[in-house]
Amino acid sequence: MMKKINKVKIRINGKIFNLKPKMTLKDVIIKYKIPLKKVAIELNKKIVNKQELGKIKIKKFDKIEIVHFIGGG
Amino acid sequence: MKEKDFLRISNKKYNSRLIVGTGKYKNFEECAKSVEISGAEIVTVAVRRVNIQDKSKPILMDYINPRKITYLPNTAGCFNSTEALRTLRLAREIGGWKLVKLEVLGDKKTLLPDMIETLRSTEVLTKEGFKVMVYCNDDPLMAKRLENAGAVAIMPLAAPIGSGLGIQNKTNIKIIRSQTKLPLIIDAGLGQSSDAAEAMELGCDGVLINTAIAKAKNPLKMALAMKHAVTAGRYSYLAGRIKKNILGVRSTSKKGII
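Protein sequence lines, in the order shown, are assigned to chains A and B.
Each residue of the first sequence is one higher than the one before, starting from 118 at the first, in this note's numbering.
Each residue of the second sequence is one higher than the one before, starting from 125 at the first, in this note's numbering.
In structure tokens, the structure reads:
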């Protein structure tokens, strides 16, 4: 029988994602191929230092915002 | 006139006095081409969510190189100080941008600025080390308060955003000009190139245009028109216009008349 893995339910940019436990923010960035130099990341309304992404593990109900520049007036 | 007539904002020099917005264009190609033709060295940009699942779509930075053109992050769509501060802190995090455009709107119909929230945000951002260019009403008293709060540029509207009405209160713009040495940039409400020239003739240091170019029937031609209008208006201002006279003043000497 396969071992059941409890997935972690988080929100990224308003959408629900079920991710593997023990993932770091860096793992999330790599998984979704986010161009790190062109974005800013917020975890639960706090800006995350991009150097520290590997140190932060995702947890249930985390809200992540990943933003970039678009056209605007 | 001095040979080099730079626009100076927060100790940086720019050759062009035209700042353009990058919203509302048909596509990125048209936007990038317009920016190039306009000669603008600063473009405003907005901060929005990345599309996580579909990254095949092009992004602004693929078309306008932020190393060549200064990105001026704005707070378009923010209706209070909290939203504006959050947006600009994120913008700074993307790539160390400190020069920002603050715009806090107060009404969804007119898109007029909420000056109480704008002033508060200017104070906070300045304390945090931002260089804040502030979109504001054409109100000399409020402009003075923004200056005292540490704004690096005063950017009063000509008329509501996207309205194309041109400068509605020339007197107030003149008063603001006379009271400040900060860069004075007309932001919002211009409709055609003569409006841009007029702003420059009033002594403004620059203009910020988005809709009038992006939504013109031919944005590329309008970008060129705006470029020339800004230059023409600036030279006209520096040259100093003649006095107005209700009677005719002859151009040719009467001496030697036959």
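All C-beta atoms in this analysis are idealised placements derived from N, C-alpha and C, irrespective of residue type, glycine included.
Please read these numbers as outputs of a predicted model, since none were measured by experiment.
**Prompt:** Hey, is residue 253/B's beta-carbon within less than 8 Å of any beta-carbon in chain A?
**Reply:** Chain A, which has no Cβ nearer than 8 Å to the Cβ of residue 253/B, makes this no.
**Within chain B, partners of residue 189/A - CB distance below 7 Å** = Going along chain B in sequence order, the residues near residue 189/A (Cβ under 7 Å) are 145, 146, 147, 168, 169, 170, 198 and 200.
**Message:** Quick check on the burial criterion: 16 or more other C-beta atoms within 10 angstroms. Buried or exposed for residue 191/B?
**Reply:** Under the 10 Å beta carbon count, residue 191/B is surrounded by fewer than 16 other beta carbons and is classified as exposed.
**Request:** Verify the CB distance criterion: does residue 159/A have a CB-CB separation below 8 Å to chain B?
**Result:** Residue 159/A counts as touching chain B.
**Classification of residue 181/A by the beta-carbon crowding that lies within 10 angstroms, buried from 16 upward** = Classification for residue 181/A: buried.
**Test item: CB-CB of residue 270/B and residue 260/B under 8 Å** = Contact flag set, yes.
**Request:** Under the assumption that residue 338/B contacts residue 147/B (Cβ atoms under 8 Å), give the Cβ distance between them as a whole number of angstroms.
**Result:** Yes, residue 338/B and residue 147/B are in contact; Cβ-Cβ is about 7 Å, under 8 Å.
**Message:** Taking CB distances under 8 Å as the criterion, tell me whether residue 260/B reaches chain A.
**Reply:** Answer no: the Cβ-Cβ gap between residue 260/B and chain A never drops below 8 Å.
**Request:** Taking 8 Å as the threshold, find out whether the segment 353–361 of chain B comes into contact with the segment 320–332 of chain B through three or more Cβ pairs.
**Result:** By the criterion of at least three beta-carbon pairs nearer than 8 Å, the segment 353–361 of chain B is in contact with the segment 320–332 of chain B.
**Asked** Beta-carbon of residue 150/A versus every beta-carbon of chain B: anything under 8 Å?
**Response** For residue 150/A, the answer is yes, since a Cβ of chain B falls inside 8 Å of its Cβ.
**Item:** Under 8 Å between C-beta atoms of residue 297/B and residue 280/B
**Value:** Residue 280/B is positioned such that its CB atom lies closer than 8 Å to that of residue 297/B.
**Message:** Taking 8 Å as the threshold (C-beta atoms), are residue 168/B and residue 196/B in contact?
**Reply:** Contact check for residue 196/B against residue 168/B passes: the beta carbons are separated by less than 8 Å.
**Message:** According to DSSP, is residue 347/B part of a helix, a strand, or is it coil?
**Reply:** Under the three-state reduction of DSSP, residue 347/B is assigned to helix.
**Asked** Going by beta carbon distance, what residues of the same chain come within less than 8 Å of residue 214/B, once the five residues before and after it are set aside?
**Response** Hits under 8 Å: 171.
**Asked** When the Cα atoms are used, what is the spatial distance from residue 179/A to residue 144/A?
**Response** CA-to-CA, the gap between residue 179/A and residue 144/A works out to about 15 Å.
**Message:** For a minimum of 4 consecutive residues, which ranges assigned as the alpha helix (DSSP H) are wholly contained in the segment 120–182 of chain A?
**Reply:** Qualifying alpha helix (DSSP H) stretches, in chain order: 142–148.
**Message:** When you compare the segment 224–232 of chain B with the segment 194–212 of chain B, are there three or more beta-carbon pairs, one atom per stretch, that lie closer than 8 Å?
**Reply:** The segment 224–232 of chain B makes contact with the segment 194–212 of chain B: 3 or more CB pairs, one atom from each, lie closer than 8 Å.
**Request:** Return the first residue and the last residue of the alpha helix (DSSP H) that residue 265/B is part of.
**Result:** Start and end: 264–272.
**Prompt:** When burial is assigned at 16 or more other CB atoms within 10 Å of the CB, is residue 179/B buried or exposed?
**Reply:** Under this definition residue 179/B is an exposed residue.
**Prompt:** Looking only at its own chain, which residues have a Cβ that is under 6 Å from the Cβ of residue 254/B, when we skip the five neighbours before and after it?
**Reply:** Excluding sequence neighbours, residue 254/B sits near 222 and 224.
**Asked** Does residue 250/B come within less than 8 Å of chain A when only Cβ atoms are used?
**Response** Interface annotation, residue 250/B: not in contact with chain A, CB-CB separation never under 8 Å.
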